[in-house]
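The letter at position 97 of the sequence shown is residue 79 when you use the numbering used here, and the numbering goes up by one with no holes.
Notes to accompany the following structure.
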Amino acid sequence: MIVNVLPKLLNCLFLYSVYYLIFNTHLSAQTKNLFLISSDKNINTYHNRSNLGLTSDTNNFRFTFSDDFHSTIISGTTPIYREENLLNLQSVYKYSTLLSPLFEVRSFVVKDNYLTTNRTEYNSILSGLQFKPTNYLQTSTLFGVRQDVQQEIKDKGFGFTFITQLDSAIELPIFSNSIFQMEKYIVGDRTLSSKNGIIGMSSNFANNGYDSIQVRYFEHQSDFYISADSNILNLFRVKNNIRSRKEDVVSVLNILNYPLTSNLIVNLNASVDSRNIGNSYKYFNFKQSTLFPSNVKELRLGGAIQLLYNFDVGSLSTGIGYTERNEDHLLNKIDSVPENIFSQKEKQELQLNNSTQRTNIWGRYSQVISNTDLINFQFSSGILKYNTPSTENVEDRDELAINISLEEQHVFHKNLIMTTTSDVLLTHNVYLLKERSANNLWNRVIRLGTNFIFTPTPYFQSTNSFDVLANYSVYDFESTRSDVKSYSYRQFRLIDSTKWKFISNFEGILHVQFREYIRGQFTWNAFSERPEEFVDELFFSPTIKYSRDEISFSSGLKSFQQIRYRYVAEKRIYYDNFISAGPTVQMSWKKNNFELLCTGWRDYRFLSGKRISIINDFQLSAKYFW
């Protein structure tokens, strides 16, 4: 009976919550309320959002409400839409120091005609008691009803939620805390449940040293409808089967941070994670089944050690870490299914088995070398080994990654700072089996850059940067295979960002970016390039902004141009010219607790001198908080 009136009851609760919070906030010792609405139109796509958050907190009563709505509409001959609405309501009344009645409402609704034409939703109402015998122990138990809609099937049922939290006394040498949460619903023929438990302990040493350990257990079961295949349809006369997914996770993490001396600190961490995922189905054709219960078992071990040394003018750190992971896919046998059908499915499942071993080393050095200079050096390197036991899986490979970075900062004057950076990234992928060895690849990326920040007055600031980048991707067997082509990419980029407040209420803003790059085939042994494409790009955006009291208004121009060239017989030939330009405008108003923002722009697009489109964009958002 209660389940049948859930939607109407939720609407009544929503209206009452808005009324109570708006007209009774003077009763609250503390309120944090927010209403937000926004809309965005880009070409033929509309994005809309509204959010309402209400909170009332007194000595004996706490009430929170939130409603978040999102919608996306793509207009056309057949409009495409998707809507999501998430609603949460919670209330706690402190009846006594030991007991507090609880009330909770949850609702989530999804509607769309893109991925599916169905409506998916759940609505639940729960009530119960919170028991707090001490400041360190608290338990909450709630019982209620739930309604689910999935695959056009409406299920109704009952469930409960149990939460307990235990914290040790702060004055104890070892601080511990634990949280356990359990939730279960039985709706129709489906079961939805979750268990989550965390136990943590930590102890502090002298000189900011500490040791902590955390043990976590997570269990989740979700039953959902899937379309029944022809065998199930003919045998059981049902349109939908039920798939049950169960996931169990157990993890242990230990972190030790110990100061060996006043300047030298060692950090150790170790972790163990075990994960099991099971899939089963309610309906089976025991003679010709194509659906089999399956399990995925994953075990992960990891550890790392890091040393950190601090001295008067800098710091030095280095570390090494190792992680190993094993993943096994198992298929549960059904005795009545013919052996040939099961063997074929089992072979496909076993191909997914894999294991990985990853080793990483890293380091960082930072030092102030003078009153005006600071240097930073960083490096990291890692090796990943990916192995598969199945002979049908040819993805076995080794991956090497090396990253080196050097940065130097020089202060010419308090108004002028220069930062120079250089980065090198090297990666090497090696497939161990001949079927994929043609994809063995070295990728080398080198970047050099400089950045200037110039602030001669509080009213003027200019940030300028330029960098050059080279990317060489070289296949190991390019000399023996004609179908394998290495390639190169080289780029030059210049960026300027300037702000100038030339009158008390007026500010000029300028963003300029120029980029030039060339791509082509590359031969590493001869270090020669055959260019294929050359591109020039220019982005230019000047803006004038007026601000006074609560109002600000800005207007400007946004322009982007791309000129492309192709190479014919090693000669650069003009190919096409793309231009995108148009005005921009923005207005904002802030008055007490109200904020309004309006942004819009128009984009005229041309290709080789011919206009191809006009694009308008408009964004509007309003926010009120109290």
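By construction, the Cβ of each residue, glycine as well, lies at the ideal position given by its N, Cα and C atoms.
- With 16 or more other CB atoms across the displayed protein chains lying within 10 angstroms of its CB, Asn223 is buried.
- Note that the C-beta distance between Leu289 and Gly301 is below 8 Å.
- Residue nearest to Ser158 within the set Lys228, Ser185, Lys136, Asp255 is Ser185 (criterion: CA-CA distance).
- Setting aside the 5 residues that flank it on each side, Ile62 is surrounded in the same chain by Ile56, Asn95, Tyr96, each with a C-beta closer than 7 Å to its C-beta; the list follows chain order.
- Annotation for Lys327: the continuous alpha helix (DSSP H) segment containing it runs 321 to 332.
- Per DSSP, the beta bridge partners of Trp424 are His410, Val456.
- For the pair of segments examined, the segment 479 to 492 was found not to touch the segment 504 to 518: the number of CB pairs separated by less than 8 Å stays below three.
- In summary, Arg172 is buried, with 16 or more beta-carbon neighbours lying within 10 Å of its beta-carbon over all protein chains present.
- The segment 568 to 581 makes no contact with the segment 540 to 556, as fewer than three CB pairs between them are under 8 Å.
- Counting C-beta pairs with one atom in each stretch, the segment 369 to 389 and the segment 434 to 442 have fewer than three that are closer than 8 Å, which means they do not touch.
- For the 8 Å CB-CB criterion, Arg44 and Thr54 do not form a contact.
- Listed as beta-bridge partners of Asp94 by DSSP are Arg64.
- In the DSSP assignment, Asn308 falls within the unbroken beta strand (DSSP E) covering 296 to 313.
- In this structure, Thr146 sits near Phe162, with a CB-CB distance shorter than 8 Å.
- With fewer than 16 other CB atoms across the displayed protein chains lying within 10 angstroms of its CB, His395 is exposed.
- When the alpha-carbon of Asn598 is set against those of Ser21, Ile19, Asn26, the nearest one is in Asn26.
- Counting other Cβ atoms within 10 Å of its Cβ, Phe474 stays below 16 and is therefore classed as exposed.
- Collapsing the DSSP output to three states places Leu217 in a helix.
- C-alpha of Leu334 to C-alpha of Glu309: approximately 8 Å in a straight line.
- With contacts defined as CB atoms closer than 8 Å, Glu377 and Asn411 fail to qualify as a contacting pair.
- When C-alpha distances from Pro513 are compared across Ser523, Tyr499, Pro524, the shortest belongs to Tyr499.
- Distance check between Leu16 and each of Leu34, Ile343, Lys553 places Leu34 closest, using alpha-carbon atoms only.
- Of the candidates Asn487, Glu519, Ala188, Glu519 places its Cα closest to the Cα of Phe496.
- Linking Ser372 to Asp317 through their CA atoms gives a straight-line distance of about 24 Å.
- Membership of Thr243 in any beta strand (DSSP E) is not indicated, and neither H nor E is assigned to it by DSSP.
- Contact between the segment 260 to 269 and the segment 233 to 245 is absent, with fewer than three C-beta pairs closer than 8 Å.
- Residue burial is scored here from C-beta neighbours: Gln132 has at least 16 other C-beta atoms within 10 angstroms and is therefore classed as buried.
- Between Ser447 and the set Tyr413, Phe459, Asn425, Thr402, the nearest pair of CA atoms involves Thr402.
- In this structure, Ser523 places its C-beta atom within 8 Å of the C-beta atom of Ser541.
- Asn249 carries a strand assignment under DSSP once its states are collapsed to helix, strand and coil.
- With respect to the 8 Å criterion, Asp558 and Ser595 are not classified as neighbours on the basis of their beta carbons.
- The beta carbon of Phe560 sits closer than 6 Å to the beta carbons of Gln544, Leu589 from its chain, once the five residues preceding and following it are set aside; these are given in chain order.
- Cβ-Cβ distances below 6 Å link Ser297 to Ser348 in the same chain, with the five nearest sequence neighbours on each side left out; the list follows chain order.
- Asn261 places its beta carbon 8 Å or farther from that of Pro241.
- When the beta-carbon positions are compared, Arg426 and Leu451 stay at least 8 Å from each other.
- Rounded to the nearest angstrom, the gap between the Cα atoms of Tyr606 and Phe488 is 27 Å.
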